[in-house]
Amino acid sequence: MVYSKDQLLARLKELQIDFSQYEHPVVLTVEAQAKYVGNVGGALSKNLFLKDKKHRYYVVSALADTKVDMKVLSQRLGLGKGGLRMAPEEALGEILKVPLGCVTPFALVNESASHVSLLLDKGFKTQECCIFHPLSNDMSISLNAFGLDKFLKSIGRDPTYIDLEANPPVGKDQPPDLASLVPLGSTVLPDLPEKTPSQDSSGNHPSAGNNSTAVTAKADKPSNAVQNVKEKSVNGVRPLIPSTDAGKFNLHDYKGHLQAMITSKKFIA
Numbered sequence: 003m004v005y006s007k008d009q010l011l012a013r014l015k016e017l018q019i020d021f022s023q024y025e026h027p028v029v030l031t032v033e034a035q036a037k038y039v040g041n042v043g044g045a046l047s048k049n050l051f052l053k054d055k056k057h058r059y060y061v062v063s064a065l066a067d068t069k070v071d072m073k074v075l076s077q078r079l080g081l082g083k084g085g086l087r088m089a090p091e092e093a094l095g096e097i098l099k100v101p102l103g104c105v106t107p108f109a110l111v112n113e114s115a116s117h118v119s120l121l122l123d124k125g126f127k128t129q130e131c132c133i134f135h136p137l138s139n140d141m142s143i144s145l146n147a148f149g150l151d152k153f154l155k156s157i158g159r160d161p162t163y164i165d166l167e168a169n170p171p172v173g174k175d176q177p178p179d180l181a182s183l184v185p186l187g188s189t190v191l192p193d194l195p196e197k198t199p200s201q202d203s204s205g206n207h208p209s210a211g212n213n214s215t216a217v218t219a220k221a222d223k224p225s226n227a228v229q230n231v232k233e234k235s236v237n238g239v240r241p242l243i244p245s246t247d248a249g250k251f252n253l254h255d256y257k258g259h260l261q262a263m264i265t266s267k268k269f270i271a
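Here the sequence shown stands for residues 3 to 271, where the numbers follow our numbering.
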């Protein structure tokens, strides 16, 4: 089952989780979201969808002003400095089942996201309410950390809050402090005919309007230069049998053609 926004809201009500909802135009960045819900009394969140080199996926949910250093986070997970990157856009639809701009902890309700690890900012615990998208970026919901925990536990998740700005040393005698949060399973996406751009943290996303460029693949025709090369003789020798007449080859005609060349002294041994 793939949850919709309405089904998620119904699930929250069934769990008796208190929340407020705010409808607004579609937004793709925290800055754009703040224009509509920045004054409702809750803390805005930013949500990153990341992957490592072994096709393991992570949702990192943090307060909007929390600084998340992906290199440091990668080391803390035991993945090395360059072990994390932004997940490709197609993974949003295949794994989280949400479109661009809708990454949220609530997407883990979908079964396809069962192997995705969730890292929550411990700063959420200090806020009266926190604001997230409910699987759709044309609405925001506000709830407290207790309500978020109740939802996550209802889907079999044990909420883990960490200091995302910490930079503890990692070495031989100091193992990665977040290694236990690395998913046990990996998810390999099927090859798609056309790769879509990765999510851009700057908010610059490809346009879906009239400025899009259509690219049509066509079979290449051989150039005139290639055709001319095929028609030229090698070392100045004309072919004994014209290529266009190969299907009409006749031994009698061939002998006559050869005799004519010898007589005219055009034959080169």
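Backbone N, C-alpha and C fix where the C-beta goes; we use that ideal spot for every residue, glycine too.
Selected residue, minimal CA-CA separation from I19, among L150, L102, E167: L150
Through-space distance from R159 to P27, alpha-carbon basis: 31 Å
Under a three-way DSSP split, which group does L242 fall into? Its pLDDT being 44, under 50, L242 is placed unreliably by the model, and the measurement read from it follows with that caveat. Note: L242 maps to coil in three-state DSSP.
Who are the Cβ neighbours of K73 in its own chain at under 6 Å, not counting the five residues just before and after it? K83
Is the Cβ-Cβ distance between A147 and C132 less than 9 Å? yes
Residue of L180, T162, P161 minimising C-alpha distance to P170: L180
Along the beta strand (DSSP E) that carries R87, what are the first and last residues, could you check? 86–88
Straight-line Cα distance separating V39 from L183: 32 Å
Drop a sphere of 10 angstroms on the beta-carbon of P107, count the other beta-carbons inside from all chains shown, and report buried for 16 or more, exposed for fewer. buried
Which residues in the same chain have their Cβ closer than 7 Å to the Cβ of D165, if we skip the five residues on either side of it in sequence? K124
Alpha carbon to alpha carbon, how far is K15 from S156? 13 Å
Reduced DSSP secondary structure (H/G/I, E/B, other) of K69: coil
In the structure shown, what three-state DSSP assignment does Q23 receive? strand
So the candidates are T128, A89, S63, N112; which of them puts its Cα closest to the Cα of L98? N112
Find the nearest neighbour of G80 within the set L186, G187, S188, P177, judged by alpha-carbon distance. P177
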